[in-house]
Structures are given as C-alpha cells and as structure tokens.
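Participant: Be aware that the first sequence starts at 149, since it is given in the working numbering, and climbs by one per residue. Using N, Cα and C, we set each Cβ at its ideal position, and we do this for glycine too. Only a predicted model underlies this, so the values are computations on that prediction, with no experimental measurement involved.
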Amino acid sequence: MINKIRVRFAPSPTGSMHIGGLRTALYNYLFAKKNHGAFILRIEDTDQKRTVPGALEEIITILNAYGLAYDEGPILVGNNLEEKGNHGPYVQSKRLEHYKKATKELLEQGSAYRCFCTTERLNALRQSQEKQNLPPGYDGFCRNLPNAEIERNIKAGMNFVVRFMMPREGKTEIIDLIRGQVSFNHIVLEDAVLQKSDGFPTYHLANVVDDHLMEISHVIRGEEWLPSLPLHFLIYKTFNWQPPEFAHLPLMLSPTHKKLSKRDGDTAAKDYLKEYLPNAILNFIALLGWNPKNNREFYLTPDEMIEDFEINKINKAGAIFEVKKLNFLNHEHLKQYPIGDLAKKIDLKLDSSELKKYLPMALERAEKNSDIPKLISFLITDDIAYKPELLIPKDAEANITKTNLINIKNYLTELGPEEWLSALKIKEKTIKWIKLNGKSNQEMLWPLRVALSGLEKSPDVFDIAYALGKGKTLSRIDNAINSLK
RNA sequence: GCCGCUAUCGUCUAGUUCGGUCUAGGACGCCAGGUUCUCAUCCUGGUAACCCGGGUUCAAAUCCCGGUGGCGGUACCA
149 MINKIRVRFA PSPTGSMHIG GLRTALYNYL FAKKNHGAFI LRIEDTDQKR
199 TVPGALEEII TILNAYGLAY DEGPILVGNN LEEKGNHGPY VQSKRLEHYK
249 KATKELLEQG SAYRCFCTTE RLNALRQSQE KQNLPPGYDG FCRNLPNAEI
299 ERNIKAGMNF VVRFMMPREG KTEIIDLIRG QVSFNHIVLE DAVLQKSDGF
349 PTYHLANVVD DHLMEISHVI RGEEWLPSLP LHFLIYKTFN WQPPEFAHLP
399 LMLSPTHKKL SKRDGDTAAK DYLKEYLPNA ILNFIALLGW NPKNNREFYL
449 TPDEMIEDFE INKINKAGAI FEVKKLNFLN HEHLKQYPIG DLAKKIDLKL
499 DSSELKKYLP MALERAEKNS DIPKLISFLI TDDIAYKPEL LIPKDAEANI
549 TKTNLINIKN YLTELGPEEW LSALKIKEKT IKWIKLNGKS NQEMLWPLRV
599 ALSGLEKSPD VFDIAYALGK GKTLSRIDNA INSLK
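(1) Taking the alpha-carbon positions, what's the N585 to K418 distance?
(2) Can you have a look at P378 and say buried or exposed, based on whether 16 or more other CB atoms are within 10 angstroms of its CB?
(3) Less than 6 Å between C-beta atoms, sequence neighbours within five positions excluded: which residues of the same chain meet that for Y447?
(4) Would you identify the three-state DSSP class for F332, choosing helix, strand or coil?
(5) Take the Cβ of G168 as the centre, count every other Cβ of all protein chains shown within 10 Å, and call the residue buried at 16 or more, exposed below.
(6) Quick check: the Cα distance between M149 and G185, rounded to an integer number of angstroms?
(7) Y384 by DSSP, collapsed to three states: which one?
(8) Over what stretch of residues does the beta strand (DSSP E) that includes L397 continue unbroken?
(9) Using only alpha-carbon positions, find the residue among L425, H479, K407, N517 that is nearest to A467.
(10) Excluding the five sequence neighbours on either side, which residues of its own chain have a C-beta within less than 8 Å of the C-beta of A213, listed in chain order?
(11) Classify N547: buried if its beta carbon has 16 or more other beta carbons within 10 angstroms, exposed otherwise.
(12) For the alpha helix (DSSP H) containing Y175, name the first residue and the last one.
(13) According to DSSP, simplified to helix, strand and coil, what is H366?
(14) Exposed or buried, what is V310 when buried is set at 16 or more other beta-carbons lying within 10 Å of its beta-carbon?
(15) Considering Cα atoms alone, identify which of L255, I153, P161 is closest to D193.
(16) Short of 6 Å in beta carbon distance, which residues of its chain neighbour T404, apart from the five on each side in sequence? Order them along the chain.
(17) For C263, list the residues DSSP reports as bridge partners.
(18) What is the residue span of the alpha helix (DSSP H) that T561 lies within?
(19) Once you ignore the five residues that flank G619 on each side, which residues in its own chain have a CB closer than 6 Å to its CB?
(20) On the premise that Y286 lies in contact with E338, defined as a C-beta separation below 8 Å, what is that separation, rounded to the nearest angstrom?
(21) State the DSSP-derived secondary structure class of M149, mapped to helix, strand or coil.
(22) Under the three-state reduction of DSSP, which class applies to E278: helix, strand or coil?
(23) Report yes or no: do three or more beta-carbon pairs, one from the segment 373-388 and one from the segment 246-259, lie closer than 8 Å?
(24) Whole angstroms is fine: what's the gap from L374's alpha carbon to A180's?
(25) Once DSSP output is grouped into helix, strand and coil, what is the label at R154?
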C-alpha cells in the first residue's frame, strides 16, 4: 500500500513572505488536496541571526488571508502561537534534539566528521581556488584527522562544525517529478556543513531529518534547491531512510528576467492583497508555470484548481511575472465577487441599496481594487467640479446646449415614479422622447452625462441618473444650466 | 570560472514522449472595425514566435551532434 501523501511548505521567518513563496505554498496545497493528503506548515528558523520577530506570525496570517489552510503546523490562537498536528513541534528551533541525535549518529558511523578549520583558512582557500579557476569547495583538510588530534582539539575548546563525508566518486541520479532525471557527479560536490559551530543544524540536515520524521512523501520546493538535491539524497541514503519524491519548481522572474526583486515592484505576498483579490492573485500565480490539460484560464477559487492540478504539467523554465495579466484576472474576479463582501473589503461606507446601484458601474471598469472607490466617487460627493465647456458636445454651441439641458430637465421632472424604477425604463422612454423631438442622442445625452458626472469618461448616463435618483439628478442639471452663461 | 537547470508570439503557454493532421493553437497586451452620448463591457478581425548552426529523414518545433543565451547554485543563509 502506498503511504499517505504528505507535503510541506517550509519558509524561513526572515522577512515578509515572498510572492514566489506563496506560489510554492499553493502548489503544495493543490498537490495535497488532489491526492487527499496532508499539507503541513513548517518553520525553518535554524539561522538565529536572520530570524525576524513577527515574521512567523505574518506567514500564518498570509496563508489564512489567501485561504491556503494547512492540516498541521503552527497556528495563531488570538495572539498566542500554538500548534496542531501530531508530528510537531513544527518550528525547527524547537527540534534541536532531533538534529543533535542525527549528527551524533552520522559521526559515529563515520559519514560525517568534525572540521576545525577557521574562517580565515576557508576564505584563503576559496580565494586561491578562484584564482586558479578551480571548482570551489572545501578541500577536506579535516576529513581524516587522527582521533587523538580531534580529542585534543575538543579538549582545547576549539570550535568545530560537522561536515558530511561526501563520496569522492560516482554520481547521484534522481527522478524529479517536473524535470525528469537529473544527475550530479560527486567529485564536484563538497563536504557540506551539517552542523554549525553554534550547535544549530544547517538547512541541509534539518530539512532531511524533519522531512523524514514528519513522514513527508513529496518535497515540492523552489529550483534554487536543485543543486543541493544530491546532498540531501545522500543523507537519506546514509541514514537508510526512504527518500521522498522531489519536485523542483521553476522560479518566478521579473520583467527584466532577473529574480523577482523589490526594484520590480512588490514582492511581498501581503502587498498584493492591497490591490487585488486573493483568489485573483492565486489564479494568476498558479498559471504562471502550470497549465491544465484543458487549457482553462479562469479559476474562481483555488479549490476549483484541485481537480485539474497535475504536478507534471508544471513547466521547467522560469516564468516572468507580468502584472498586466493579473489586472485582467482581477477584473474578472471582481465582477464575480459578492457585492456586500467587496464593500467590506475595500471599506465602502454605503448602504446596501446604494451599493447595489453604484458597484456594478465600477466593476465593469475596475482592474485594481483601489479603482472602485475612484470610479464611484462622483456619485457619492455633491461637489463635482468640471469646466462648463465640457458640457458642450463636439461641434455644438453653448446656448443650444443650454436650451437642450433645460428641455431635458423639464422632461425628467415630468417623468413619473414608475420610470425611475430602473435605468432601463428611463432609457427607453428618454430615447423615444429625443427622437420625437428630432434631436440626436449625442447633443442631448452628452451634456446630460457631463452634468451628472462631471466627467469626460464615465459610466452610462442612464445608470448614473438611476443611481443618483430624481432629486439629485435634477439638481445637478440645474447646476449645469447655471454654469453655462 | 566551475556545477546544475533551462530555451515556442512582448508576456503566460499548447504542441515535443510515439517526426507528417502545425502555412504552429489559446489567453493577456497592443492595433483596427462594429455596437454606443463618452468610457468600459460585448462582438468581429488583425499583429506577433519554434535561440543559432550542422546532421538524420520523403518529411523536424518535435530525433542526433555542436554552439549560444537565460536562470539558479557555488556560505558555519535558507
């Protein structure tokens, strides 16, 4: 029987969660759900110096905000950090004894060794290798120290790291779920540090030990880890552990083809929440590097992606993060978002009847969330400032326009309450009336629309009139008439 | 430099496993036309790509060889 599918998202709490990290989390989530497995959050904070206070809390908050629920990992209960799941703790700094034990075992079986080399020696070594164009890496100086010397050094209180005893020949070949077979010659691999002199493990050791202990079946992570894959694989082998399956995701690149960085705009997953709907962002980044067989482009929620998701349909090459498509997708998502929720999200202080009238006009046009308040502001304010000349249609004259507006006002005043019940009713009646008077839509409707909106470009004139209601409509026309000399 | 990964329209991609149905399809963007009082929506059409050079073959985006470009790694960071 096949073991249960278990995947993890394992960020470091070293700052704001990157949008690329969010995509890694998404793919892990989709893979887990697709296979009825577990999605686990693990925090990799083995580097004490780089750990940022509050970053862990932000990771949890962000994952929640995007709706990527995990089955196990640290959770926030109020302001308190707790955990769920029975493979914890899920924060690496609380798992030190596991790594210590692993290191000890490796040392005892001779698969790792203590290295007493100083930073100075290591730097000098690197420099000379660079000068000679040699492959960089540790030269194995401490690889075969006599036991007596090791004892002496330890007794003398010398600092040491623990290095992996990398085989000097052969190669490691691994099937990556996305890339197929990848292979690495051992000879160019160095004896990587497994345990730092402060007693903390490096990523390499901690990630292998934890993935094993947490029974992770598939490691889905960024391509930047591919070069250290053979090391990880060999560590599993050394322990005689069953290695998980691996999938290395392509990177997300900036429009300048570089790794996505601050210079290219927002990189933090939380920044996008300001301008875009979470599901629109997820829709966008999911398709950046993955595409379903059916070529579907629109997913209202991540859960709609689950059925279509196939990990081997993820692309190998890096994808450029082009925000134009995100704008388009956000527009599509906006149109389908429940109006009440949306009002809450962008903090619109309007009652529900106003929302029902106003929002559809904005949603037809908005790409970013912040476009919405801008698009309906002319409806809310009583102070619409515009140049009177704007009222006059192309090739028309001021006095005629003024007369037209007066006629429209009189006509609308007469219009009964049953016509004011919908934009469509107002429209049908008004279009007939204009025709009956031998006028063109342009000479009548343009001034009306500007009078009501104050804008050169705006939503449909009848939508506006209906949203404004009879009273406001008439008073805005009055203002327009008065502004024309 | 060394190691690894990678390469189809401006961008995201389909097609590459099993060579012909690909004068390379879709989406975004952009352009034009239609609908329309303006904008947006909607509809129609257009724009634009197989990294380069050899080879195999009746036939190559697809197979082989050799280049080149891009990205990643090269830490007691992850």
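Facilitator: A quick look at the data gives this:
(1) Position 437 of the first sequence holds residue 585. Position 270 of the first sequence holds residue 418. Straight across, the Cα-Cα distance linking N585 with K418 is about 57 Å.
(2) Counting from one through the first sequence, the residue named residue 378 turns up at place 230. Under this definition P378 is a buried residue.
(3) If you number the first sequence from 1, residue 447 lands on position 299. The residues N431, M453, in chain order, have a CB closer than 6 Å to that of Y447 in the same chain once the five nearest residues on each side in sequence are set aside.
(4) What you label residue 332 is simply residue 184 of the first sequence in a count that begins at 1. The answer is strand: DSSP assigns F332 an E or B state.
(5) Reading the first sequence from its first residue, position 20 is the one you call residue 168. By the beta-carbon neighbour count (other beta carbons within 10 angstroms, threshold 16), G168 is buried.
(6) Here the question's residue 149 lines up with position 1 in the first sequence. Here the question's residue 185 lines up with position 37 in the first sequence. With a pLDDT of 43 at M149, under the threshold of 50, the predicted position of this residue should be treated as unreliable, though the coordinate-derived value follows. Each residue's Cα considered, the two are about 14 Å apart.
(7) Within the first sequence, numbered from 1, the residue matching residue 384 stands at position 236. Helix.
(8) Position 249 of the first sequence holds residue 397. 393-397 is the span of the beta strand (DSSP E), which, as asked, contains L397.
(9) Your numbering for residue 467 matches position 319 in the first sequence. Distances from the CA of A467 to each of L425, H479, K407, N517 were compared; the closest alpha carbon is that of K407.
(10) Here residue 213 corresponds to residue number 65 of the first sequence, with the count starting at 1. Excluding sequence neighbours, A213 sits near K418, L421, P426.
(11) For the purposes of this step, residue 547 is taken as the residue at position 399 of the first sequence. N547 is exposed by the Cβ-count criterion.
(12) The residue labelled residue 175 in the question sits at position 27 within the first sequence. Counting along the chain, the alpha helix (DSSP H) containing Y175 begins and ends at 167-182.
(13) If you number the first sequence from 1, residue 366 lands on position 218. If DSSP states are grouped into helix, strand and coil, H366 belongs with the strands.
(14) Stepping through the first sequence from its first residue, residue 310 is reached at position 162. So V310 counts as buried.
(15) For this step, residue 193 is matched to residue 45 along the first sequence. With distances taken between Cα atoms, D193 lies closest to P161.
(16) Here residue 404 refers to the residue found at position 256 when the first sequence is read from its first residue. The same chain holds no residue with a CB closer than 6 Å to that of T404 once the five nearest residues on each side in sequence are set aside.
(17) As a first step, residue 263 must be located in the first sequence, where it is residue number 115. Looking at the DSSP assignment, C263 forms a beta bridge with V309.
(18) Taking the first sequence and counting its residues from 1, one reaches residue 561 at position 413. Segment 546-562, the alpha helix (DSSP H) holding T561.
(19) As a first step, residue 619 is located in the first sequence; it is residue number 471 there, counting from the start. Cβ within range, chain order: n/a, list empty.
(20) Here residue 338 corresponds to residue number 190 of the first sequence, with the count starting at 1. Here residue 286 corresponds to residue number 138 of the first sequence, with the count starting at 1. E338 to Y286, Cβ: 5 Å. Contact.
(21) Here residue 149 corresponds to residue number 1 of the first sequence, with the count starting at 1. The pLDDT assigned to M149 is 43, lower than 50, so where the model puts this residue is not dependable; a value taken from the coordinates is nonetheless given after this. The answer is coil: DSSP assigns M149 none of H, G, I, E or B.
(22) As a working note, residue 278 is residue 130 in the first sequence. In this structure, E278 counts as helix in the three-state DSSP scheme.
(23) Enough Cβ pairs lie closer than 8 Å, so yes.
(24) Sequence index remark: in the first sequence, residue 374 carries index 226 (1-based). Sequence index remark: in the first sequence, residue 180 carries index 32 (1-based). If I take the Cα positions, the gap works out to 21 Å.
(25) The sequence position of residue 154 within the first sequence is 6, counting from 1. Of the three classes helix, strand and coil, the one that applies to R154 here is strand, per DSSP.
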